[in-house]
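*Asks:* Sharing a structure with you now.
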Ligand code: ADP
Ligand code: MG
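Residue numbers (my numbering): 8 to 222.
See the structure below:
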């Protein structure tokens, strides 16, 4: 599902990743842990081809990233769900509209869009907020909305960057239980977090990013 071979990345002079190699198999649930500034967000951006590596080979959901072009990029992205550290909601659109847009982008029939959105809002305990703006719901609800938006099109792979940031332990574990349920249904999950204690509580595979390398 994810394969990195000797991948390096730098922002100008600042080297962030040096010859990083690892694999994640289909159906796995993996935590990428590392302190703030260790390169977790950078690695996530490389995985969905938002950044290009300086050197090395990457393959994600069966796609060699070096072979991606303008035509294949949207098809590649459709197979991946993204939970951003900073949400990236449409802040002037309602909660339900935020779940409608990604469906429109892939051509979901109009009559199904609302039905799918409402079903997922129910599952996430957000239905009562369907007409609210993202800024009008709590931090925990925003995290859940971000996850709902990421999974609304049933991706093969979920990349979640710091999905529990700002949540206390109880709410963090709730988010993890939600992701665990998705993993149980077959979705491959790759989460980055600076919270090693939380990752250890979940009894999943942990890979550690430190000093530009995987440990
Ligand atoms: P993390 O997500 O683990 O906190 P990041 O991937 O955001 O780490 O950042 C890794 C390093 O790269 C940090 O030193 C950060 O300051 C730097 N960095 C992140 N984004 C950029 C950018 N767009 N331009 C230049 N430097 C960046
Ligand atoms: Mg980050």
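Glycine is no exception: its CB is placed at the ideal position from the N, C-alpha and C atoms.
1. Pop quiz: residue 31 and residue 23 are said to be a contact at Cβ under 8 Å. What is the actual Cβ separation, rounded to whole angstroms?
2. Identify whether residue 238 lies in helix, strand or coil by the three-state DSSP scheme.
3. Based on DSSP bridge pairs, tell me the residues matched to residue 39.
4. Pull up the CB-CB distance for residue 19 and residue 219, whole angstroms please, since I reckon it's below 8 Å.
5. Does DSSP put residue 219 in a helix, in a strand, or in coil?
6. Are there three or more Cβ pairs, one per stretch, closer than 8 Å when the segment 67-82 is compared with the segment 139-147?
7. For the segment 87-100 against the segment 117-127, do three or more pairs of beta-carbon atoms, one drawn from each stretch, fall closer than 8 Å, so that the two count as touching?
8. Under 7 Å: does the beta carbon of residue 168 sit that close to some heavy atom of the ligand MG?
9. Please confirm whether residue 48 and residue 202 have their CB atoms less than 8 Å apart.
10. When DSSP builds the beta bridges, which residues end up paired with residue 22?
11. Between the Cα of residue 153 and the Cα atoms of 176, 182, 163 and 175, which residue gives the shortest distance?
12. I'd like to confirm something about residue 95: is its beta-carbon nearer than 7 Å to some heavy atom of the ligand MG, or not?
13. I think residue 170 touches residue 198, with their Cβ atoms under 8 Å apart; what is that distance to the nearest whole Å?
14. Where residue 86 and residue 161 are concerned, what is the direct C-alpha to C-alpha distance, given to the nearest angstrom?
15. I need the boundaries of the alpha helix (DSSP H) containing residue 158, first residue and last residue.
16. Give me the Cα-Cα distance between residue 137 and residue 179, rounded to the nearest whole angstrom.
17. If you draw a straight line from the C-alpha of residue 123 to the C-alpha of residue 186, how long is it?
18. Identify every residue that forms a DSSP beta bridge with residue 65.
19. Go ahead and pull the three-state DSSP assignment for residue 73.
20. Among residues of its own chain, excluding the 5 on either side of residue 43, which ones have a beta-carbon nearer than 6 Å to its beta-carbon?
21. Would you say residue 10 and residue 26 are within 8 Å of each other, going by their C-beta atoms?
22. For residue 73, which option in 120, 60 and 88 has the closest C-alpha, if you only look at C-alpha atoms?
*Replies:* Taking the coordinates as given:
1. With 8 Å as the limit, residue 31 and residue 23 do not qualify as a contact, their Cβ atoms being about 20 Å apart.
2. With the chain running from 8 to 222 in the structure shown, residue 238 is simply not present.
3. 199 and 214
4. Contact flag wrong, Cβ pair sits at about 15 Å.
5. coil
6. At 8 Å Cβ cutoff, the stretches do not touch.
7. no
8. Residue 168: yes, Cβ under 7 Å from the ligand MG.
9. no
10. 17
11. 182
12. no
13. 6 Å
14. 8 Å
15. 146-158
16. 23 Å
17. 18 Å
18. 11
19. helix
20. 201
21. no
22. 60
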